[in-house]
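For reference, the structure discussed in these notes is given below.
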Amino acid sequence: MVLSSPQPRRTPPLDSLRELVPGAELVKVRANPNNWSQAELLAAYTWPQHQGERLVSFGNGNYSDDAHHTALTIGEFLDQYRQLPVVRLLQASDSAYTFLVELTRPSWELAGGGPQ
Numbered sequence: 001m002v003l004s005s006p007q008p009r010r011t012p013p014l015d016s017l018r019e020l021v022p023g024a025e026l027v028k029v030r031a032n033p034n035n036w037s038q039a040e041l042l043a044a045y046t047w048p049q050h051q052g053e054r055l056v057s058f059g060n061g062n063y064s065d066d067a068h069h070t071a072l073t074i075g076e077f078l079d080q081y082r083q084l085p086v087v088r089l090l091q092a093s094d095s096a097y098t099f100l101v102e103l104t105r106p107s108w109e110l111a112g113g114g115p116q
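First residue of the sequence shown? That's 1 in our numbering, and the numbers climb one at a time after it.
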């Protein structure tokens, strides 16, 4: 029997968001809470090297050529999975909710270097 090294767990619901910005580790999205398909990708980030530092912007802000596909992808994700622990509500109003979604865990948590 061959033992393989464990791979980081991937959450299939997050895969649709990962496809929007390959390589990003977090995304900030905004959606209309009355119609989740009215959504947009605001920003993408990577984790900083050390815990406590600011998030690092990823890319140039132009993430997808198909805004309709992006909106539907984000809307479907939020409709079904906004209660996941990796989805954090940043701001809420009657017309828009803004979320930060962790697509991958920070390296310091994976290495066991999180806060004690």
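Quick reminder that beta carbons are idealized off the backbone N, C-alpha and C, glycines included. Note that the structure is a prediction, hence the values are computed from the model and not measured.
- If only complete runs of 4 or more residues are kept, the stretch 9 to 48 shows the alpha helix (DSSP H) at 12 to 20, in order along the chain.
- Restricting attention to L110, L103, R105, L72, the CA atom closest to the CA of N35 is found in L72.
- With a minimum length of 4 residues, the unbroken runs of alpha helix (DSSP H) contained wholly in the stretch 56 to 112 fall at 67 to 81, 107 to 110.
- If you ignore the 5 residues before and after A96, its C-beta comes within less than 8 Å of the C-beta of R30, A31, N32, P33, all in its own chain and listed in chain order.
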